[in-house]
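Contents: one structure, followed by commentary.
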Amino acid sequence: MGAKYVMQEMPDMSGTGERVLYPRMVSMGCCDTERLIRETMRNTTYGPGEVRGMLALLARGMASMMAEGYSVKLDGIGVFSPSLSLREGKEREQVDGDGTKRNAASIRVGGVKFRADKRLVNDVDLRCSLSRERGKTVRGGSPYPPERRLEMALRFLDSNRFLTVGDYAALTGLGRTTASVELRRWSETPGSGIAGSGQGSHRVYVRREE
97 MGAKYVMQEM PDMSGTGERV LYPRMVSMGC CDTERLIRET MRNTTYGPGE VRGMLALLAR
157 GMASMMAEGY SVKLDGIGVF SPSLSLREGK EREQVDGDGT KRNAASIRVG GVKFRADKRL
217 VNDVDLRCSL SRERGKTVRG GSPYPPERRL EMALRFLDSN RFLTVGDYAA LTGLGRTTAS
277 VELRRWSETP GSGIAGSGQG SHRVYVRREE
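According to our numbering, the residues represented by the sequence shown are 97 to 306, in order.
Written out as structure tokens, the structure is:
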């Protein structure tokens, strides 16, 4: 089965002020590790335990190299680079030099940035068979109703420890601001199955223990 796309109305990126249509792939959800392992094992002699073990070793090795300040390049996949952020509750250091100076104890690795290898992009393109979602042109928002977006968030949390605003925006097609507002609303809605954790830029969303 091929992927679906919709045409989404957005401001012209060249800054003309006009609104134009851009193609956007319809998200089918998140492929979890177990499904990726089954896909990877096709036409090989490796067992699931071996593939799972290799993935774990690779993740540990990448973490060790990035912890030393290196970016990690995986041929055919892309480059992973660590990024820093302030720990929760720590104020930013002032440009003019006034106020508290931030030392290493105030800073943490807050994320890992990924830049895809062109070979990966080209391989995805070669394998991708697109068809248009029937009758859908999206006007600057998500092609899914709120109930479906909640279902997608919960399905994502079935195979991931937490959900970020960026994850939710990518899954649903919402802008980051709208995604943030909606996730906060879900977390404040009894029975939604979603709870918030953390504060500010470190806030994530998890499965609520009902």
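Glycine included, every Cβ here is placed at the ideal spot set by N, Cα and C.
In this structure, DSSP gives E105 an extended state, which the three-state scheme calls strand. Between the stretch 125-144 and the stretch 160-177 there are fewer than three inter-stretch CB-CB distances shorter than 8 Å, so the stretches are not counted as touching. Using a Cβ distance threshold of 8 Å, H298 and E184 count as a contacting pair.
Within 10 angstroms of the beta-carbon of Y118 lie fewer than 16 other beta-carbons, which makes it exposed. G145 and C127 have their C-alpha atoms spaced approximately 18 Å apart.
When secondary structure is reduced to three states using DSSP, V122 falls in the coil class, being assigned neither helix nor strand. Around the Cβ of A265, a 10 Å sphere holds 16 or more other Cβ atoms; the residue is buried. Bounds of the alpha helix (DSSP H) holding A266 are 261-268. Inclusion of S179 and G207 in the CB contact set at 8 Å is warranted, their separation being smaller than that value. Boundaries of the alpha helix (DSSP H) harbouring G149: 144-163, taken from the DSSP string. Distances from the alpha-carbon of S123 to those of A152, M150, S238 put S238 closest. In the DSSP assignment, S283 falls within the alpha helix (DSSP H) that extends over 272-283. Bridge partners of F176 according to DSSP: V168, F210. With fewer than 16 other CB atoms across the displayed protein chains lying within 10 angstroms of its CB, Q295 is exposed. Around the CB of R245, 16 or more other CB atoms lie within 10 Å, so the residue is classed as buried. DSSP places R257 in the coil class of the three-state scheme, outside both helix and strand. DSSP, reduced to helix, strand and coil, places S202 within a helical segment of the structure shown.
Taking the Cβ atoms as the reference, E229 lies roughly 5 Å from K100, within the contact range of under 8 Å. The C-alpha of D219 lies about 42 Å from the C-alpha of A201. In this structure G125 touches R251 by the C-beta definition: roughly 6 Å separates them, less than 8 Å. By the beta-carbon neighbour count (other beta carbons within 10 angstroms, threshold 16), V102 is buried.
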